[in-house]
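Structure record follows, encoded as structure tokens.
There are 2 protein chains.
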Amino acid sequence: MLALTWDGTRSRVVADAPVPEACDPTSAVVRVRLAGICSTDLQIIAGYMGFRGVLGHEFVGEVTAGPEAWVGRRVVGEINFACGRCPTCLAGRRRHCPSRSVMGILAADGAFAEYVRLPIENLHHVPDGLRDEEAVFVEPLAAAVEASLQTAAFAGGRTIVLGAGKLGLLVGQVMAARGDDVTVACRDRAACVQVEARVGLCAAAVEDVRRGCDLVIEATGTAEGLSLAMDLVRPLGGIVLKSTIAERHALDLAPLVINEVTLIGSRCGPFGPALASLVEHGVRVTPLIDAVLPLRDGAEALRRAAVRGTKKILLQPGA
Amino acid sequence: MLALTWDGTRSRVVADAPVPEACDPTSAVVRVRLAGICSTDLQIIAGYMGFRGVLGHEFVGEVTAGPEAWVGRRVVGEINFACGRCPTCLAGRRRHCPSRSVMGILAADGAFAEYVRLPIENLHHVPDGLRDEEAVFVEPLAAAVEASLQTAAFAGGRTIVLGAGKLGLLVGQVMAARGDDVTVACRDRAACVQVEARVGLCAAAVEDVRRGCDLVIEATGTAEGLSLAMDLVRPLGGIVLKSTIAERHALDLAPLVINEVTLIGSRCGPFGPALASLVEHGVRVTPLIDAVLPLRDGAEALRRAAVRGTKKILLQPGA
């Protein structure tokens with residue numbers, strides 16, 4: 001089959017990748033209909049995680065092999081494959097299983113391929129009303145929902161999102177849907193206009209943002225973003241750290257202590273509430289799509305996705 | 001009156017400090033019976049806060065002037081003097097009032113003196129059953145209680161305290177009193193024996209501490225302490241940052257995001273629950289006292305308090 005792979009040195013589309021098989025009753029094979037390129041994919045091809053294999057962890061597809069009840073269903077899939085038996089799993093923290101593999105990220109082939117295998121416990125049925133172009137956003141949207149679940153204490157307050165990238169605009173919409181007064185802080189006024197037009201969130205240039213907010217979502221992935229967040233948040237407020245800052249940075253955390261701020265690390269989230277936020281809360285995802293490209297042009301698609309300011313690039317194996 | 005002052009260059013005991021007066025019906029003058037030297041006092045004489053005036057913010061005393069209902073009562077006093085009118089105060093966050101003064105720390109004379117003035121709303125009556133040597137710990141104990149109030153979600157779990165100093169041993173006891181399984185991580189086995197003998201908490205050398213705990217209290221005030229805390233805590237666990245790390249440090253916060261850890265800045269706390277933890281929960285404070293010295297020897301007392309490993313030094317104006 002066709003697959004976009006990373007061998008540690010370069011990414012390339014191969015035509016002879018082996019089609020995965022549903023090797024036991026707990027797994028299923030999914031024919032990928034659409035997959036999304038994420039910043040994590042770009043970090044992997046920059047050497048992050050030391051991953052080798054088929055890339056990709058955002059997808060929507062159709063089950064072609066596995067337990068009868070699943071075959072033929074349109075699905076999305078959670079990306080962390082947990083052991084289910086260790087203390088972490090038994091404590092209900094399966095997404096943090098220490099021996100997990102992660103689709104397209106850690107020791108498991110991903111979804112930039114015609115077919116992908118995953119545990120059936122990771123599958124979620126996609127309601128008929130959702131188009132593929134929407135369902136493919138469930139994985140990043142789940143990460144946005146996680147930020148909301150972790151900050152229930154601040155629901156309904158004034159929230160500033162730093163970073164007008166894909167993740168920032170998803171988190172902003174999820175926070176607005178729960179009733180927060182959300183402002184997306186942008187580099188400049190032109191970017192503000194774009195944000196408002198795309199997803200209907202309020203936006204303001206960084207220098208115009210009013211300080212003393214209840215919650216800041218740090219989605220720039222820079223140390224400067226975290227320092228700015230500490231400057232914008234009120235005493236006893238919260239900061240969600242949504243993206244890893246790859247390098248070590250000189251940080252002064254004294255304001256965190258003096259103002260008793262809570263800093264919350266946030267990564268993956270649950271798919272159920274993410275599907276609900278698409279179906280019930282009208283979170284807008286398709287305005288975040290820049291292009292849909294055939295999987296066979298995957299290597300070029302990765303280059304294009306890496307250009308600063310590019311929104312979501314989707315890959316279509318069937319095209 | 002006698003007072004231990006800091007003029008920006010040196011600390012010294014002066015004999016001619018003016019006795020404060022209860023200038024309006026909202027303030028009281030307290031004759032100080034006993035006061036405690038805190039790490040913050042040592043930071044101030046190292047230049048922190050740019051404070052000038054009478055040092056000291058941990059005290060127990062007796063009201064000598066002010067509203068009739070208070071005169072003659074034995075009291076302790078909260079150290080943040082709030083304006084009471086700004087949005088922060090009206091939102092119930094008076095300890096974070098942006099125009100506050102702080103006794104002995106910021107724009108208000110402190111308690112290393114024969115008399116100190118403070119707002120009556122900051123006073124708390126000390127029950128007869130508590131000795132002065134216990135009541136003088138209410139301020140640091142309130143800071144320990146704050147860590148407990150901020151981490152209710154982790155109550156009853158496994159908690160590691162990093163730092164066997166005064167604050168660490170207070171927080172450890174408060175956490176144990178609420179049902180946490182507490183271990184104090186110490187430099188070496190000799191320090192462990194001391195911790196167990198002084199306050200009855202379990203202690204272990206850092207290298208023997210079992211990872212994967214629910215909550216870490218970082219009370220070493222070092223960047224290494226925070227890195228160690230990220231290494232010890234389980235996914236979705238919590239870290240309380242209890243002391244400011246004075247300099248900027250190169251920190252890698254990626255583990256915080258990947259493991260979805262919550263980092264909670266923690267400073268001052270409420271006196272009511274702190275008094276209760278002394279009276280009802282048997283938190284042991286007197287084993288933390290190294291010496292009680294006359295206020296007239298205050299400059300020497302500050303030098304002694306700065307020696308690494310020194311526990312609490314108390315000052316007695318009447319001696």
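Protein chains in written order, with this note's numbering: chain A, 1 to 319; chain B, 1 to 319. Where a beta carbon is used, it is the ideal one built from N, C-alpha and C, also for glycine.
Within-7 Å CB hit, residue i to chain B
i, result
"E300 (chain A)", "no"
"T183 (chain A)", "no"
"A254 (chain A)", "yes"
"L263 (chain A)", "yes"
"T40 (chain A)", "no"
Beta-carbon neighbours of residue i, restricted to chain B and to distances below 8 Å
i, result
"S266 (chain A)", "V257 and E260"
"L241 (chain A)", "L253, L256 and V257"
"T323 (chain A)", "Look at the range of chain A in this structure, 1 to 319, and you will see that residue 323 (chain A) is not part of it."
Closer than 7 Å to chain E by CB, residue i
i, result
"H96 (chain B)", "Included in the structure are the protein chains A and B, with no chain E among them."
is_contact[residue i, chain A] using C-beta, thresh 7 Å
i, result
"L149 (chain B)", "no"
"L251 (chain B)", "yes"
"T9 (chain B)", "no"
"T244 (chain B)", "yes"
Given residue i as reference, the closest of the options once Cα atoms are compared
i, options, result
"L123 (chain A)", "A:P67, A:E224, A:L215 and A:H249", "A:P67"
"E114 (chain A)", "A:T244, A:A143, A:V199 and A:E62", "A:E62"
"A22 (chain A)", "A:R33, A:V116 and A:L106", "A:V116"
"G272 (chain B)", "B:D181, B:E121 and B:C86", "B:E121"
"L241 (chain B)", "B:L4, B:R234, B:P20 and B:A223", "B:A223"
"M230 (chain B)", "B:G309, B:V257 and B:V182", "B:V257"
"A15 (chain B)", "B:L4, B:G92 and B:R187", "B:L4"
"F154 (chain A)", "A:D181, A:D252 and A:C268", "A:D181"
"E134 (chain B)", "B:R33, B:G200 and B:D252", "B:R33"
"A152 (chain A)", "A:H249, A:G53 and A:T262", "A:T262"
"A177 (chain A)", "A:H281, A:V199, A:P235 and A:L149", "A:H281"
"T244 (chain A)", "B:G92, B:L253 and B:A204", "B:L253"
"A276 (chain A)", "A:V126, A:P235, A:P20 and A:T26", "A:V126"
"L118 (chain B)", "B:C186, B:H57 and B:T220", "B:H57"
"I264 (chain B)", "A:C89, A:G172 and A:G238", "A:G238"
"L149 (chain B)", "B:G200, B:C268 and B:V184", "B:C268"
"D290 (chain B)", "B:T26, B:R31, B:I37 and B:V13", "B:I37"
"G157 (chain A)", "A:V76, A:L215, A:D24 and A:A91", "A:L215"
"L2 (chain A)", "A:R85, A:K312 and A:R31", "A:R31"
"K311 (chain B)", "B:V292, B:D297 and B:P317", "B:V292"
"V206 (chain A)", "A:C186, A:A28 and A:L314", "A:C186"
"V195 (chain B)", "B:F51, B:A319, B:L55 and B:L170", "B:L170"
Proximal residues of chain B, C-beta to C-beta of residue i below 7 Å
i, result
"R93 (chain A)", "P235 and L236"
"T376 (chain A)", "Residue 376 (chain A) lies beyond the residue range present for chain A, which begins at 1 and ends at 319; the question has no answer from this structure."
Partners in chain A for residue i, counting only beta-carbon separations shorter than 9 Å
i, result
"T286 (chain B)", "Per Cβ cutoff of 9 Å: no residues; T286 (chain B) is ~28 Å from chain A at best."
Residues bridged to residue i (per DSSP)
i, result
"P342 (chain A)", "Residue 342 (chain A) falls outside the range modelled here, since chain A spans only 1 to 319, and no answer is possible."
"H96 (chain A)", "Answer is none; H96 (chain A) lacks a bridge partner."
"E58 (chain A)", "A:G36"
"P143 (chain B)", "Strictly speaking, residue 143 (chain B) in this sequence is Ala, with Pro absent from that position. DSSP output for A143 (chain B) lists no bridge partner at all."
"W6 (chain A)", "A:S11 and A:G53"
"D181 (chain B)", "B:R158"
"Q316 (chain B)", "B:P294"
Contact test: residue i Cβ vs the ligand NAD heavy atom, cutoff 6 Å
i, result
"P67 (chain A)", "Absence of the ligand NAD is noted for the structure shown, with no ligands found whatsoever."
The segment 292 to 302 of chain A in contact with the segment 35 to 46 of chain A per 3-pair CB rule at 8 Å: Touching, per the Cβ criterion.
Stretch pair the segment 279 to 289 of chain B + the segment 131 to 146 of chain B: three plus CB contacts closer than 8 Å: The segment 279 to 289 of chain B vs the segment 131 to 146 of chain B: in contact.
contact_flag[the segment 75 to 88 of chain B, the segment 101 to 111 of chain B] where n(CB pairs < 8 Å) is 3 or more: yes
Contact between the segment 161 to 171 of chain A and the segment 212 to 221 of chain A (3+ Cβ pairs under 8 Å): yes
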